[in-house]
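Converting from the sequence shown to this note's numbering requires adding 5 to each position, the first position being numbered 1.
Ideal placement from N, C-alpha and C gives every residue a C-beta, glycine not left out.
Encoded as structure tokens, the structure appears first; notes follow it.
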Amino acid sequence: MIRRVRVALKHASPIYASEKSNLMPSLLGAPNNNRHRLVFLLLCFAFLYFWNRREHTYSEESRRKDEQLELVQREHASVLEKLRVIWLHKKKIESDSIVHKTELEKFNSKIKLKESEIYGYRTKNEQCKRELQSCHKTDDGAKKMEKPPKADASEVSGLKQKIEEMQKKLEEQENNSNSMAAILKVRD
């Protein structure tokens with residue numbers, strides 16, 4: 006089908022040319038208006054395609070980054086909780102060590118006191134031994150004498166009682182010093 010289209014409008018005698026009608030004109034054979042529209046439409050589709058693709062990739066990246074951020078936040082919270090537990094445990098250990106240190110200092114001061122008591126018991130023990138030896142010497146001297154007078158007999162019996170008392174005290178002192186030494190050896 007051939008149609009005539011007026012090509013030039015300003016001429017006195019219009020020029021007509023035949024129009025070719027295609028349902029789908031090719032890009033090269035289409036008129037300029039249609040060609041420009043088609044190129045513009047293709048550019049718009051390409052722009053929208055790339056824009057949508059970019060938005061999709063950015064949304065995927067954003068979603069992945071959000072998941073990573075949530076994971077890091079959860080790990081951060083768990084690490085903070087572990088750190089808090091460790092800090093509390095450290096504080097407890099420090100307080101326990103301070104308590105043990107004070108108890109150890111008290112115990113050491115008691116040991117030093119016990120050592121001074123043992124030294125005192127030993128000096129008393131030596132003093133008692135000397136007194137006992139002096140009493141034995143006086144007792145031996147009294148035996149060498151002839152029969153002592155009756156007044157001296159009461160003194161001798163008093164001396165014998167004192168000697169027995171001193172021997173008992175000496176035995177007690179030795180027992181005490183031995184038990185103290187055993188206690189100190191056990192604690193060391």
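| Item | Value |
| --- | --- |
| In this structure, how does DSSP classify Leu28 when only helix, strand and coil are distinguished? | Low confidence applies here, because Leu28 scores a pLDDT of 49, under 50, leaving its location unreliable; read the following figure in that light. Coil. |
| Taking 8 Å as the threshold (C-beta atoms), are Ile116 and Ser182 in contact? | no |
| If you draw a straight line from the C-alpha of Ser184 to the C-alpha of Ser83, how long is it? | 57 Å |
| Might you give, ordered along the chain, the residues of its own chain that have their beta carbon closer than 8 Å to the beta carbon of Ile168, omitting 5 neighbours on each side? | Leu137, Cys140, His141, Asp144 |
| Short of 6 Å in beta carbon distance, which residues of its chain neighbour Leu175, apart from the five on each side in sequence? Order them along the chain. | Cys133 |
| Apart from the five residues on each side of it in sequence, which residues of its chain come closer than 6 Å, Cβ to Cβ, to Leu93? | none |
| By a C-beta neighbour count over all protein chains shown, 10 Å radius and 16 as the cutoff for buried, is Tyr63 buried or exposed? | exposed |
| Give me the Cβ distance between Glu160 and Asn130, rounded to the nearest whole Å; I'm assuming they're in contact under 8 Å. | With a Cβ gap of about 26 Å, Glu160 and Asn130 do not count as contacting. |
| Could you compute how far the alpha carbon of Glu99 sits from the alpha carbon of Glu86? | 20 Å |
| Would you kindly work out how many angstroms separate the C-alpha atoms of Thr107 and Asn113, rounded to a whole number? | 10 Å |
| Identify which residue in Arg40, Ile188, Leu48 has its Cα closest to the Cα of Lys119. | Ile188 |
| Could you compute how far the alpha carbon of Glu110 sits from the alpha carbon of Ile91? | 28 Å |
| Tell me the rounded alpha-carbon separation between Ser121 and Gln172. | 23 Å |
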